[in-house]
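Data first, discussion second: the structure below is written as structure tokens.
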Amino acid sequence: MRRLFNLVDTKSLTDLLKISSRQRSLPLKAVLLGLSEMAIPSRNHSLVAVPRQTDQVPAGFNPDALAIIDYESGATADPTSSEWTTEVAIGEFDYNPAVPVVLPTTPDQRIIVEFTLGVLAPNPTAFLGYISLDGGDFSSLVIPDSPPLFTIAQGAKTEDLPTTANAIKLKHNDHVEVVVVNETPDQHPFHLHAHSPWIVGSGRTSRDNILAGNVTALRLNGPMQHDVFTVPECTTDADGACTDLGYVVFRLNADNPGVWLMHCHIDWHFVLGLAMLFVEAEDVLRDEGLGAFSSNMLLSVCNGNFTL
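Counting from 1, one number per residue, gives the positions in the sequence shown under the UniProt record's numbering.
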């Protein structure tokens, strides 16, 4: 079957889909059926989802998800499909988009986003999620009382936001490269709002290599787009400490002015503060001011504290 990954069409064929928490994938099974079945599928099919073999589950808990794809309204027959004897699996970032693009060799801006979970000095009594931007201190996201979008539109700069906003600015229309670095022994699905970035690289290497840009060659010709992408776990030593770190490299064009959230798509990690903000084209936001937003939007978000 062909796959729509996060609503991006692909040319790749596979019979096994690997997805992370909150990713969306639409299998286009009809392309493998006969012409008559493409019009009216003649039978139901099984759909089985199983966890990674490395996942640990409580005793007695069945982690497998079972479903039936019913193509014909009112059909009652159980599926007769069976498990594949030979599976064709494609890596999350190895699909070929139906409409490929070629990206610039060198980005205008490169950002390093490191993340971890744990008990760190800023909050010595709490287990939280933390983000470090371009080698700075780790900080757990706390959403400011005043919405950052409106704060910027009223004339503030990104640097004026609280450090716990985990905010970094993107210059309008720059081609930006972001390296998301995982300093935990578990993989994490990250979701970026307002963009579906090109995923140009992923792997594991030392932190020094990542900071220096010494990573596996980037896929700049025909990369896939994902607004939810899985950052691989770090490798560990005998004591469980991270050695080589997992990373994902993505590219985007900063052509959508706003304040956009990027966060772990595991809900309780998001609640723990594993998130950050991209302030995109702050000069455009300031020039347009609060007048760019409707009164209803201001009232619903800010409880009427802003006026036009």
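Idealized CB from N, CA, C, for every residue including glycine. Note that the structure is a prediction, hence the values are computed from the model and not measured.
Taking 3 residues as the minimum length, the beta strand (DSSP E) runs contained wholly in the stretch 170 to 232 are 175 to 182, 188 to 192, 198 to 205 and 228 to 231, in order along the chain. Contact between I210 and V231 is absent: CB atoms are separated by about 12 Å, not below the 8 Å threshold. Contact between R251 and P197 holds: their C-beta atoms lie close to 6 Å from each other, under 8 Å. In the structure shown, the three-state DSSP call for G118 is strand.
Per DSSP, reduced to three states, the secondary structure at L272 is coil, with no helix or strand assignment.
According to the DSSP assignment, V259 belongs to the beta strand (DSSP E) that extends over G258 to C264. In chain order, S140, L272 and G273 place their CB closer than 7 Å to the CB of L128, counting only its own chain and leaving out the 5 sequence neighbours on each side.
For V99, the secondary structure class from DSSP, reduced to helix, strand or coil, is coil.
N44 and A65 have their C-alpha atoms roughly 17 Å apart.
For D208, the closest C-alpha among the options L245, V259 and T105 is that of L245.
Per the Cβ contact rule, the stretch 182 to 194 is in contact with the stretch 212 to 229 (3 or more Cβ pairs under 8 Å). Taking 8 Å as the cut-off, the beta carbon of T184 is found no closer than this to the beta carbon of C264. Pairing A59 with C242, the inter-Cα distance amounts to about 28 Å. Around the beta carbon of N221, fewer than 16 other beta carbons sit within 10 angstroms, so the residue counts as exposed. Minimum Cα-Cα distance from E114 among the listed residues G135, P107 and T105 corresponds to G135.
Assigned with DSSP and collapsed to three states, F150 falls in helix. According to the DSSP assignment, L133 belongs to the beta strand (DSSP E) that extends over L128 to L133. Distance from A275 to L261 at the Cβ level is roughly 6 Å; contact confirmed, criterion being Cβ atoms closer than 8 Å. The alpha-carbon separation between T106 and L170 amounts to approximately 16 Å.
Here Y247 is not near V279, since their CB atoms are 8 Å or more apart.
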